[in-house]
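Counting from 1, position 82 in the sequence shown corresponds to residue 80 in the numbering used here; the numbering is continuous, with no gaps. Every residue gets a Cβ at the ideal spot worked out from N, C-alpha and C, and that includes glycine. Note that the structure is predicted; figures quoted are calculated from it, not measured.
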Amino acid sequence: LTDAIDDVEPLVPRFRKAAKEEARKTGGFCFFELTSFVISARFHEARGKSRDAAREVRALLNLLRRHEAEVQMHPVVRACEESLRVAATNLKILDPAHGEEELIQSVADQMAKLRLG
């Protein structure tokens, strides 16, 4: 598993850079940028870097907050909700038994906003 992580992990910053460039070109939200935060958080957690994983989740939440109105009207709103669900399901830092209560609640709140939108 470590070899696979080593092979793929360097691609995540390139993926994020491409997503940011796409967002810049279109002048708005890019779903792939959100995805890059989830992937990066999973890599950090696999390496035992919970703090870095939490930082990525916070960045994901900030991205959604910055583009809240746009995301609500965007055709991928359900995909955004699913990305958060995947993160909440697969990251230990978002597990109530292990994670930071404030971060867990922030993710739950954002998922609820997306559902209600």
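Residue from ARG12, MET71, PHE41 and ASP4 with nearest C-alpha to GLY26: MET71
Option in THR24, VAL36, GLU100 and LEU92 with minimal Cα separation from GLU116: Residue 116 cannot be examined here, being either before or after the span of the chain that is shown, -1 to 115.
contact_flag[the segment 9 to 19, the segment 52 to 60] where n(CB pairs < 8 angstroms) is 3 or more: no
Residue ranges of each beta strand (DSSP E) within the segment 49 to 86, 3 or longer: none
At least three beta-carbon pairs within less than 8 angstroms, the segment 71 to 91 to the segment 30 to 44: yes
Counted within 10 angstroms of its Cβ, other Cβ atoms place HIS96 as buried (16 or more) or exposed: Label assigned to HIS96: exposed.
Under the three-state DSSP convention, the category ASP107 falls into: Residue state, collapsed to three classes: helix.
DSSP three-state assignment for PHE27, whether helix, strand or coil: coil
As assigned by DSSP and simplified to three states, the class of VAL11: The question names Val, but residue 11 in the sequence shown is Pro. Looking at PRO11 - three-state DSSP - the assignment turns out to be helix.
Rounded C-alpha distance that separates LEU61 from GLN103: For LEU61 and GLN103, the distance between alpha carbons rounds to 17 angstroms.
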